[in-house]
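A.B. asks: Residue numbers (the numbering used here): 19 to 521.
All C-beta atoms in this analysis are idealised placements derived from N, C-alpha and C, irrespective of residue type, glycine included.
Here it is, the structure in full.
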């Protein structure tokens, strides 16, 4: 539902809410840890590139393909053994609100390639302009192999099982990235760096100003969204489950189902979880996916602090097994089910973001604002997993994402993409999703390639040149480019769903 009251301006928000982190200064670390001097040593230069991209999730995928396709020597660093980020490693294998009239370019290539390779499990894109929320799901294994092929075809150099652990900063520019892998510690030198880590790892650890503000108002001000996960169950009789849902519509209406089962189990102390229901999807034959798990963070705790991450992982595993036992014992169709898999990592929802030339605001996305320097369009609204039990999702009109959100205010050759871009908490809660992330990735990769080629900083780059390049690639650059009839459909969708409580 819409929140009442006057929304703070961008300036007010920055002054009152944004916390900048040039170093790790949280008292939980600084006041309790001893320090040692790390010995100096020479670090070998592993490679040099025009563009270095750190993080291989949707944003990094978009950035790498765009950079290489625009002629830049491109290296993509990924700490796991496959691309996809949380889509593959946290099993969040969906693209939400896919619409070719809103997104284009790289994301269209990826979706079409998935279709051609038989990787689409459920295509919800035809419902996007009518439904409050829709997700197109895909097969993770098809996706991973397909992305390897796409990177090779574009000429991207991949470095798997490699972590970007820091940066070489001289004056106001990053000269390269420190990496660590099983082979050792190295440096990769580059002209332009794209931080698509999802956590602004490179920006933050280089001393570049970042935001970590959390909720901006009310009693939850400053608190952060917690961690999530997904559970896959095999041995499911989907037809039997569908029949049960049809016979009990009051119990399974809306996104969260099984509410009376969960409430009863909670009251009896048999259920460990924070939600009042379960989200159950059946996709592949015999397989169900359960989502909606949330491990909240208390005041003063963060999604980037390792003890909090560890506690969240343990809590989520308890929730997963508690939910599995509850479903198996109470839901027809799951009598012979077993746990198939969970993610390698949790779903990180809320960590650092860069402080950019512009901070996209809650007001911007609610008003569907257009910007002269826009580089992508998003149709996603804020999806906020509250610090306690609440889950708030809001439908908005399509809105622009300006280039200034990708450009670091402090570091000359640093760009951000995905959930790392400069946005207030509410705008971030919308545009952290996979579709807008891949689109901002494409913009960042294209900008990086052009800046490297022209020997200018991303801030100095002619935005018109960038926009023209993106349009040539098939990308949607601004709501001004969207056909009037499409915008009218979204306006109808907005009016119909603006006050929903459960989607």
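(1) If you count every other CB in all the chains shown that lies within 10 Å of the CB of residue 55, and 16 or more means buried, which is it?
(2) Find the nearest neighbour of residue 397 within the set 250, 51 and 451, judged by alpha-carbon distance.
(3) Any contact between the stretch 332-340 and the stretch 304-322? By contact I mean 3 or more CB pairs, one from each, below 8 Å.
(4) Determine the DSSP secondary structure at residue 383, reduced to helix, strand or coil.
(5) In angstroms, rounded to a whole number, what distance separates the CA positions of residue 394 and residue 209?
(6) Residue 389 by DSSP, collapsed to three states: which one?
(7) Rank 91, 277 and 455 by C-alpha distance to the C-alpha of residue 80 and give the top, closest one.
(8) Given a cut-off of 7 Å, decide if residue 421 and residue 390 are closer than it, judged by their beta-carbon atoms.
(9) Just how far apart, CA to CA, sit residue 41 and residue 223?
(10) How about residue 212 and residue 435: are their beta carbons less than 7 Å apart?
(11) Using 10 angstroms around the beta-carbon of residue 147, count the other beta-carbons present and answer buried if the total reaches 16, otherwise exposed.
(12) In terms of DSSP beta bridges, what is residue 417 paired with?
(13) Around the Cβ of residue 431, are there at least 16 other Cβ atoms within 10 angstroms (buried) or fewer (exposed)?
(14) Under 6 Å Cβ to Cβ from residue 25, same chain only, skipping five residues before and after it: list those, please.
(15) With respect to the beta strand (DSSP E) encompassing residue 335, which residues constitute its N-terminal and C-terminal limits?
(16) Alpha carbon to alpha carbon, how far is residue 267 from residue 514? Give it in angstroms, no decimals.
(17) If I'm right that residue 88 touches residue 462 with Cβ under 8 Å, what's the distance once you round it to whole angstroms?
(18) Which residue marks the beginning of the beta strand (DSSP E) containing residue 252, and which one marks its end?
(19) Do residue 372 and residue 426 have their beta-carbon atoms positioned less than 7 Å apart in this structure?
(20) Could you compute how far the alpha carbon of residue 355 sits from the alpha carbon of residue 257?
(21) Measuring alpha carbon to alpha carbon, tell me which residue in 247, 281 and 283 is nearest residue 105.
(22) By a C-beta neighbour count over all protein chains shown, 10 Å radius and 16 as the cutoff for buried, is residue 476 buried or exposed?
(23) Report the residue ranges of all alpha helix (DSSP H) runs contained in full by the stretch 256-303; include only those spanning at least 4 residues, in chain order.
(24) Please say whether residue 162 and residue 82 have beta carbons closer to each other than 7 Å?
(25) So residue 409 is in the beta strand (DSSP E); what residue range does that whole segment cover?
(26) Taking only the alpha-carbon atoms, compute the straight-line gap between residue 63 and residue 278 and give it to the nearest angstrom.
(27) Mapping the DSSP letters down to three states, classify residue 193 as helix, strand or coil.
(28) Quick check: the Cα distance between residue 85 and residue 439, rounded to an integer number of angstroms?
(29) Please classify residue 458: is it buried, with 16 or more other beta-carbons within 10 angstroms of its beta-carbon, or exposed?
(30) Can you give the Cα-Cα distance for residue 168 and residue 226, rounded to whole angstroms?
(31) Would you check if the stretch 195-202 and the stretch 104-124 touch, i.e. whether three or more CB-CB distances between them fall below 8 Å?
(32) State the DSSP-derived secondary structure class of residue 230, mapped to helix, strand or coil.
(33) Look at the Cβ atom of residue 508, then the Cβ atom of residue 415, and state whether they are nearer than 7 Å.
(34) Going by the CB atoms, is the gap between residue 295 and residue 318 shorter than 7 Å?
C.D. replies: Put simply:
(1) Here residue 55 corresponds to residue number 37 of the chain shown, with the count starting at 1. Burial call: exposed.
(2) Within the chain shown, residue 397 is the residue found at index 379, counting from 1. Nearest C-alpha to residue 397: 451.
(3) yes
(4) Stepping through the chain shown from its first residue, residue 383 is reached at position 365. Correct three-state label for residue 383: helix.
(5) Here residue 394 corresponds to residue number 376 of the chain shown, with the count starting at 1. Here residue 209 corresponds to residue number 191 of the chain shown, with the count starting at 1. Those two C-alpha atoms are separated by around 24 Å.
(6) Taking the first residue of the chain shown as position 1, residue 389 is located at position 371. Residue 389 falls in the coil class under three-state DSSP.
(7) Sequence index remark: in the chain shown, residue 80 carries index 62 (1-based). If we check each option's Cα against that of residue 80, 455 comes out closest.
(8) Numbered from its first residue, the chain shown carries residue 390 at position 372. Numbered from its first residue, the chain shown carries residue 421 at position 403. Their beta carbons are not under 7 Å apart, which means residue 390 does not touch residue 421 by this criterion.
(9) Here residue 41 is taken as the residue at index 23 of the chain shown, counted from 1. Here residue 223 is taken as the residue at index 205 of the chain shown, counted from 1. Since pLDDT at residue 41 reaches only 35, below the 50 mark, its modelled position is unreliable, and the value read off the structure follows with that caveat. One C-alpha to the other measures close to 7 Å.
(10) Position 194 of the chain shown holds residue 212. Position 417 of the chain shown holds residue 435. In contact: residue 212 and residue 435 (Cβ atoms closer than 7 Å).
(11) Position 129 of the chain shown, counted from the first residue, corresponds to residue 147. Buried, because 16 or more other Cβ atoms sit within 10 Å of the Cβ of residue 147.
(12) The residue labelled residue 417 in the question sits at position 399 within the chain shown. Residue 417 pairs with 396.
(13) Position 413 of the chain shown, counted from the first residue, corresponds to residue 431. With 16 or more other Cβ atoms within 10 Å, it is buried.
(14) The count along the chain shown starts at 1 and reaches residue 25 at position 7. Low per-residue confidence applies at residue 25: pLDDT is 37, beneath 50, and the placement is therefore not dependable, though the value from the model is reported in the following sentence. Counting only residues of its own chain and dropping the five nearest sequence neighbours on each side, residue 25 has a CB closer than 6 Å to the CB of 380 and 381.
(15) Taking the chain shown and counting its residues from 1, the one referred to as residue 335 is at position 317. Counting along the chain, residue 335 falls outside any beta strand (DSSP E), though it belongs to the alpha helix (DSSP H) covering 324-348.
(16) What you label residue 514 is simply residue 496 of the chain shown in a count that begins at 1. What you label residue 267 is simply residue 249 of the chain shown in a count that begins at 1. Those two C-alpha atoms are separated by around 22 Å.
(17) Start at 1 with the first residue of the chain shown, and residue 88 comes out as number 70. Start at 1 with the first residue of the chain shown, and residue 462 comes out as number 444. Not a contact, Cβ separation roughly 12 Å.
(18) Locating residue 252 in the chain shown gives position 234, counting from the first residue. From DSSP, the beta strand (DSSP E) with residue 252 extends over 249-252.
(19) To locate residue 426, count along the chain shown from 1; it is residue 408. To locate residue 372, count along the chain shown from 1; it is residue 354. A contact, by the Cβ cut-off of 7 Å.
(20) Here residue 355 refers to the residue found at position 337 of the chain shown. Here residue 257 refers to the residue found at position 239 of the chain shown. Each residue's Cα considered, the two are about 14 Å apart.
(21) Walking along the chain shown from the start, residue 105 turns up at place 87. Ranking 247, 281 and 283 by Cα distance to residue 105 puts 247 first.
(22) Your numbering for residue 476 matches position 458 in the chain shown. Counting Cβ neighbours within 10 Å, residue 476 comes out buried, since at least 16 surround it.
(23) 256-265, 267-270 and 277-285
(24) By 1-based counting over the chain shown, the position of residue 82 is 64. By 1-based counting over the chain shown, the position of residue 162 is 144. No.
(25) Numbered from its first residue, the chain shown carries residue 409 at position 391. Unbroken beta strand (DSSP E) run through residue 409: 409-411.
(26) Against the chain shown, residue 63 aligns to sequence position 45. Against the chain shown, residue 278 aligns to sequence position 260. Distance between the alpha carbons of residue 63 and residue 278: 60 Å.
(27) Your numbering for residue 193 matches position 175 in the chain shown. Residue 193: strand per DSSP, three-state reduction.
(28) Looking up residue 85 in the chain shown gives position 67. Looking up residue 439 in the chain shown gives position 421. So the two alpha carbons sit approximately 18 Å from each other.
(29) Mapped onto the chain shown, residue 458 falls at position 440. That one is buried.
(30) Counted from its first residue, the chain shown places residue 168 at position 150. Counted from its first residue, the chain shown places residue 226 at position 208. Whole-angstrom Cα-Cα distance: 32 Å.
(31) no
(32) Working through the chain shown from its first residue, we reach residue 230 at position 212. If DSSP states are grouped into helix, strand and coil, residue 230 belongs with coil.
(33) Locating residue 508 in the chain shown gives position 490, counting from the first residue. Locating residue 415 in the chain shown gives position 397, counting from the first residue. In this structure, residue 415 lies closer than 7 Å to residue 508 by Cβ.
(34) Against the chain shown, residue 318 aligns to sequence position 300. Against the chain shown, residue 295 aligns to sequence position 277. The answer is no: Cβ separation not under 7 Å.
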